[in-house]
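K.L.:
Chains as they are written, first to last, in my numbering: chain X, 2 to 430; chain L, 83 to 656. Cβ coordinates follow ideal geometry from the N, Cα and C atoms, glycine included. Just so we're clear, the structure is a prediction, and the values are computed from it rather than from any experiment.
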Amino acid sequence: MTNLLEVRNVRRTFPRGGGEDLLVLDDVNLTLTEGEIVGLLGRSGSGKSTLLRLIAGLARPQGGSLTYMGTPIEGPAQGVAMVFQSFALFPWMTVLENVQLGLEALGLPQGEIRRRALAAIDLIGLDGYESAYPRELSGGMRQRVGFARAVVVHPNILLMDEPFSALDVLTAENLRTDLIELWGQKQLPTKGIILVTHNIEEAVLMCDRVLLFSSNPGRVASEIRIDLPQPRDRTSPAFEEYVDRIYVEMTARRVERMRQVQAQGASIEMPLTHVSPNLISGLIEALAAAPYNGKADLPDVAYEQELEVDELFPVAEAIQLLRLADVEGGDIKLTHMGKRFADGEMNERKEIFSRALIAQVPLAAHIKKVLDERASHSAPKTRFLDELEDHMAEDTAEETLKTVVSWARFAELFSYDDDAALFSLENPT
Amino acid sequence: MKILPPVSIEARRLLPSPWDLLAAVLVLGFIVAFADASRLLIQPLSVVSGQDLSLDPALLPGYALRTAFRMLLAMGVSLAFTFAYATWAAKNPRAGTLLVPLLDVLQSVPILGFLSVTVVWFLSLSPGRVFGAELAAVFAIFTSQAWNMAFSFYQSLRTVPDELNEAGRMFGLSSWARFWRIEAPFAIPPLVWNMMMSMSGGWFFVTLSEAISVGHTTIALPGIGSYIAVAIAHKDVGAILWAIFAMLVVILVFDQLLFRPLVAWADRFRVGDAQSEDLPQSWVLTMLRRSRLIDWMTAPFEQMMRWSYRFQPPSFGVRAALRETDSRAAGFIWYAFLALLGGYAAWRVFSFTVTWITWREFFLTVGLGFLTMTRVMVLILLASLIWTPVGIYVGLRPRLTRIVQPVAQFFAAFPANILFPLAVSVIVAWSLNPEIWLSPLMILGTQWYILFNVIGGARTIPRDLMDAGENFNVKGWLWWKRIALPAVFPHYLTGAITASGGTWNASIVAEVASWGEHTERAHGLGAYITDATLAGDFHSVVLGIAVMSFFVVVVNRLFWQPLYWYAERKFRLG
């Protein structure tokens, strides 16, 4: 078996206005061999889409090497085609014209272009839609055009950037099954597939190997081989075991790191991810109620509360940060405070939230302290933003501050006037 | 911000409706009436001038201030007009059927035409004094600003989301309160954008209206425009450069003190969650927002407005019943009034035509119209060929865009007529053919609309689309043909339409231009109107205006409008 693609020690940073560059990918390794589907699984911000763009030759790494069939990738390579999350169809071209575009760029004769385009349209199940414009199609049909457009150039590597995440559940499942079927029957004119996703079940359903990415910076944290025959059954115990295992892997590390930070006596430098207080309350309520009664399996919660991994993890972490619950392995368990929060009335909830903020979020405590000490009981936003930017990138600082504002508003700890960019203790009268 | 198409393009029908015709007759009748009045009022050899203009640059700040003040005054009048006219048109469907086509016709009348026929009348209001001339200048600026502002406001009022209005109703807000708390805020972002566009046009006409001769009446109002006129007469290049510099400063000040704060402030009225990437910022607005003094000063007004919201109209049920009964009578009166007005206007136009217009004269102006049209079209084509690729190149590079975009907007706001004398001096010096070389002046100020619309369009191309093109190795001509040009096409068109309208307007100034005692002349409808104005020949002025308006309307209806809707259907992203 030959290696279609080799990624070695790749590093990618983004320049930030004033300050250190943001490290998005650090020391990433990846090999794709013929006949396999590799999944890149991680949360948003883990750099998996960036890696895909590097492989597609749409961006260059700052360090390391990427080799496609033995030659270094120095620009968009022939034989690497991409399917986009947003479909990226040209609205002024018909389905047929969209599919033909890649072939025209290859400079093939007109007859050949037409024959191959029609064949691809036929294969992907778009027969009869040749002359339709993308805007006339449903999301599912649009993504089929995206697939046809990628497949028609007979790429050796097919890159898929969360191709199903913009579709509704039924359509996505329908498209996945069709794709797996074509792949299984060796009808797709492609040798290997890389699938970026944040949907754990999707990864287990489709991939032969899954690389788990950790975020900030993006690294390959571990690799899991899925040894299940296709077609796979979502309800089989073996399938569920894989899903559980990935959940545990993905939560364990971050939660562990957060615990360490908190144990060391956290400072205001801790970056926060914005999660709405309503979502926090909602999840705590759900966890307190039956059937969980205070303790639940994360995959179950995700499934039953219809939360994507990308949505569930940040909430779970915020709750963990505030010590309203403990995340351990793949489980989440309400603490004593968490239970009181769930049982409490609005005022009591605010009280608990407020105390948790002061105790567990140093930045909130810091702002409160500054406001208390000042005679005017107010301070401009820049006062804290500058302070944060000494320790983190500009937009991380913005997001951290935004999070604290949103939480403090809920807790009625202090208020913030966006027009004047001013923190204050007073509530509007 | 979304770029809005001009008035006449919005109508989807091709053939004029009876209402369009009525509107055309009314406007024409109005112009004829003014022209007739002016002919009687015109006095032999009068000069209206505030003071003798000196070319001393030290006086320029004072002149600039007066020019800017006229501008602000006209903007205030335009705003008042916008609120009254657009609200009337939107709230009263009966009035709306006439008022909207009326806007369309008014917009196609060359602005200098308005000035030529009204200036004498305004002067007659206060013979021998400056006041009338000032009024005429403000009126000319007003006509260059008001129409598109009113139309944008009208459109916004018509498209207020139902749920917003219904929410207002459910809380029992009176229609007065609903207007100020729901409808007006909703209409503000597009209105601010149109104010900026209007302002750009306004600078052109404010400088022009300060120094104008109609028949034997010469007006020289102190201001940058008349300063330049004097400088031209004296062939004083240094003075012209000073004036250009003063104009630059004035526009910059307006941008910083007025429009940036307005744009940043208007941003909060955008409906929808979509956060634009770079929020408009303004240090002035930040200052105002943080200032206690301003809070303290505006508080009484806010209090007053809040108080006014409390007045409830008589209950809805009663009013609806009343309306049922009186609507028929009101309708009858309205239509009778329109019939009378229309009849009178038609009679004025008719008698004017039979008395003054010969077939020869008519065909002459139409022929000249074709000449000018050819110029306009060729210039738009040339500008497109140059600025479209440049705009795409710039728009795809964010860092470059941040530099070029404001510069292009700035050039669009800069009154190009200030630069004419420099160009004319070159034509004189090298004895170039004025038929060809005067033409570029027409598009000097308006080509920028194409550039910054294309830049705006290229900026909004989703990155995924560009990536897809790159991923499939689409390069070279195929890339331009299949991806770049189609992607910016709707934006380009909006720019080209605006540029085309502005170019027609500029033709009146650009086809005849002078430098000292030299006057260069190109044949065309613009030159025809200018000559007629100078000679005080009002029936020729009216004929010229009517023919030019007709050309503008026809070109819009037959050429730009179908193209625009085709582009909207096929090329609009998202």
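Compare the C-beta of Q357(L) with all C-beta atoms of chain X and state if any pair is closer than 8 angstroms.
P.N.:
Summary for Q357(L): the model assigns pLDDT 47, below 50, so the residue's position carries little reliability; its value from the coordinates is reported in the next sentence. No, Q357(L) does not count as interfacial toward chain X.
K.L.:
For E346(X), verify whether its CB is less than 7 angstroms away from any heavy atom of the ligand MG.
P.N.:
With respect to small molecules bound, the structure shown includes none, and the ligand MG cannot be examined in it.
K.L.:
Is the stretch 192-200 of chain X touching the stretch 157-165 of chain X in the sense that three or more CB pairs, one from each, lie closer than 8 angstroms?
P.N.:
Yes, the stretch 157-165 of chain X touches the stretch 192-200 of chain X.
K.L.:
Buried or exposed, going by whether 16 or more other CB atoms sit within 10 Å of the CB of S237(X)?
P.N.:
It counts as exposed.
K.L.:
What do you reckon, are the CB atoms on L5(X) and N157(X) nearer than 8 angstroms?
P.N.:
For L5(X) and N157(X), yes; Cβs fall inside 8 angstroms.
K.L.:
What residue range is occupied by the uninterrupted beta strand (DSSP E) comprising A302(L)?
P.N.:
Its beta strand (DSSP E) spans residues T299 to A302.
K.L.:
Measure the beta-carbon distance from H155(X) to P190(X) and round it to whole angstroms, keeping in mind my assumption that it falls under 8 angstroms.
P.N.:
Contact flag correct, Cβ pair sits at about 4 angstroms.
K.L.:
Who are the neighbours of A617(L) on chain X, taking C-beta pairs under 7 angstroms?
P.N.:
Result: empty, since nearest Cβ-Cβ is about 52 angstroms, beyond 7 angstroms.
K.L.:
Cβ of E224(X) less than 8 angstroms from any chain L Cβ?
P.N.:
It does not: the Cβ of E224(X) has no partner Cβ on chain L nearer than 8 angstroms.
K.L.:
Could you tell me the alpha carbon to alpha carbon distance between S87(X) and S47(X), rounded to whole angstroms?
P.N.:
If I take the Cα positions, the gap works out to 19 angstroms.
K.L.:
Consider the Cβ of Q321(X): report whether some Cβ of chain L lies at a distance smaller than 8 angstroms.
P.N.:
No, its Cβ sits nowhere closer than 8 angstroms to a Cβ of chain L.
K.L.:
Going by the CB atoms, is the gap between I500(L) and M379(L) shorter than 8 angstroms?
P.N.:
Cβ distance not < 8 angstroms, so M379(L) and I500(L) don't count as in contact.
K.L.:
Quick one: which chain L residues come within Cβ less than 7 angstroms of W408(X)?
P.N.:
Result: empty, since nearest Cβ-Cβ is about 20 angstroms, beyond 7 angstroms.
K.L.:
CA-CA distance, N175(X) and R145(X)?
P.N.:
In a straight line, the C-alpha of N175(X) is about 11 angstroms away from that of R145(X).
K.L.:
If we count the other Cβ atoms within 10 Å of its Cβ and call it buried at 16 or more, is D344(X) buried or exposed?
P.N.:
By the 10 Å Cβ count, D344(X) comes out exposed.
K.L.:
Can you have a look at R255(X) and say buried or exposed, based on whether 16 or more other CB atoms are within 10 angstroms of its CB?
P.N.:
So R255(X) ends up on the buried side.
K.L.:
Using a 10 Å radius around the Cβ and a threshold of 16 neighbouring Cβ atoms, would you call W597(L) buried or exposed?
P.N.:
W597(L) should be labelled buried.
K.L.:
What whole-angstrom Cβ distance do I532(L) and G577(L) have, given they're in contact under 8 angstroms?
P.N.:
The pair is a contact, with the Cβ atoms about 4 angstroms apart (cut-off 8 angstroms).
K.L.:
With a 10 Å radius around its C-beta and 16 neighbouring C-beta atoms as the bar for buried, classify R61(X) as buried or exposed.
P.N.:
Looking at its Cβ environment, which holds fewer than 16 other Cβ atoms inside 10 Å, R61(X) is exposed.
K.L.:
Express the C-alpha separation of A428(L) and I105(L) in angstroms, rounding to a whole number.
P.N.:
At residue 105(L) the sequence reads Ala, which differs from the Ile that was named. The alpha-carbon atoms of A105(L) and A428(L) are separated by roughly 11 angstroms.
K.L.:
Relative to chain L, which residues along the stretch 69-99 of chain X have a C-beta separation below 7 angstroms, given in chain order?
P.N.:
Here the close residues are P77, Q79, A82, M83, F85, S87, A89, F91, P92 and W93.
K.L.:
Of the residues R177(X), I56(X), S425(X) and I225(X), which one's Cα is nearest the Cα of R375(X)?
P.N.:
The option with the nearest alpha carbon to R375(X) is S425(X).
K.L.:
What are the boundary residues of the alpha helix (DSSP H) that includes R210(X)?
P.N.:
Careful: R210(X) lies outside any alpha helix (DSSP H), inside the beta strand (DSSP E) at R210 to S215.
K.L.:
Could you run through the stretch 101-131 of chain X and flag, in chain order, every residue whose CB is less than 8 angstroms away from some CB of chain L?
P.N.:
The stretch 101-131 of chain X vs chain L, Cβ under 8 angstroms: L102, G103, E105, A106 and L107.
K.L.:
Answer yes or no: does any C-beta atom of chain L fall closer than 8 angstroms to that of T430(X)?
P.N.:
Its pLDDT being 46, under 50, T430(X) is placed unreliably by the model, and the measurement read from it follows with that caveat. Closer than 8 angstroms: no.
K.L.:
Would you identify the three-state DSSP class for F398(L), choosing helix, strand or coil?
P.N.:
At F398(L), the pLDDT of 49 sits below 50, so the modelled position is not reliable and the matter cannot be decided from this model.
K.L.:
Suppose the cutoff is 6 angstroms on Cβ atoms and the five residues either side in sequence are ignored; what does the same chain contact list for G132(X) look like?
P.N.:
Note on identity: in this sequence residue 132(X) is Ser, with Gly being the wrong assignment. Closer than 6 angstroms at Cβ, skipping near neighbours: T95.
K.L.:
Please list, in chain order, the residues of the stretch 529-547 of chain L that have any C-beta partner in chain X closer than 8 angstroms.
P.N.:
Result list: P544, D546 and L547.
K.L.:
Look at the alpha carbon of E216(L) and the alpha carbon of T368(L), and state the distance between them as a whole number of angstroms.
P.N.:
If I take the Cα positions, the gap works out to 35 angstroms.
K.L.:
Quick one: grab the DSSP three-state call for H600(L).
P.N.:
Strand, per DSSP.
K.L.:
Roughly how many whole angstroms lie between the Cα atoms of I74(X) and F354(X)?
P.N.:
Computed Cα separation, rounded: 51 angstroms.
K.L.:
Tell me the start and end of each unbroken alpha helix (DSSP H) in the stretch 232-308 of chain X that is at least 4 residues and wholly inside, in chain order.
P.N.:
DSSP runs (the alpha helix (DSSP H)) wholly in the stretch 232-308 of chain X: 238-264, 278-289 and 299-305.
K.L.:
Taking G254(L) as the reference, which of G451(L), Q227(L) and Y391(L) has the closest Cα?
P.N.:
Selected option, being the one with the closest Cα: Y391(L).
K.L.:
Return helix, strand or coil for P381(X), following the three-state DSSP convention.
P.N.:
Note: P381(X) maps to strand in three-state DSSP.
K.L.:
If we define contact as Cβ-Cβ less than 8 angstroms, is A376(X) a contact residue for chain A?
P.N.:
Chain labels in this structure do not include chain A; the protein chains are X and L.
K.L.:
Would a C-beta distance cut-off of 8 angstroms place D234(X) and P300(X) closer than the cut-off?
P.N.:
Not a contact, by the Cβ cut-off of 8 angstroms.
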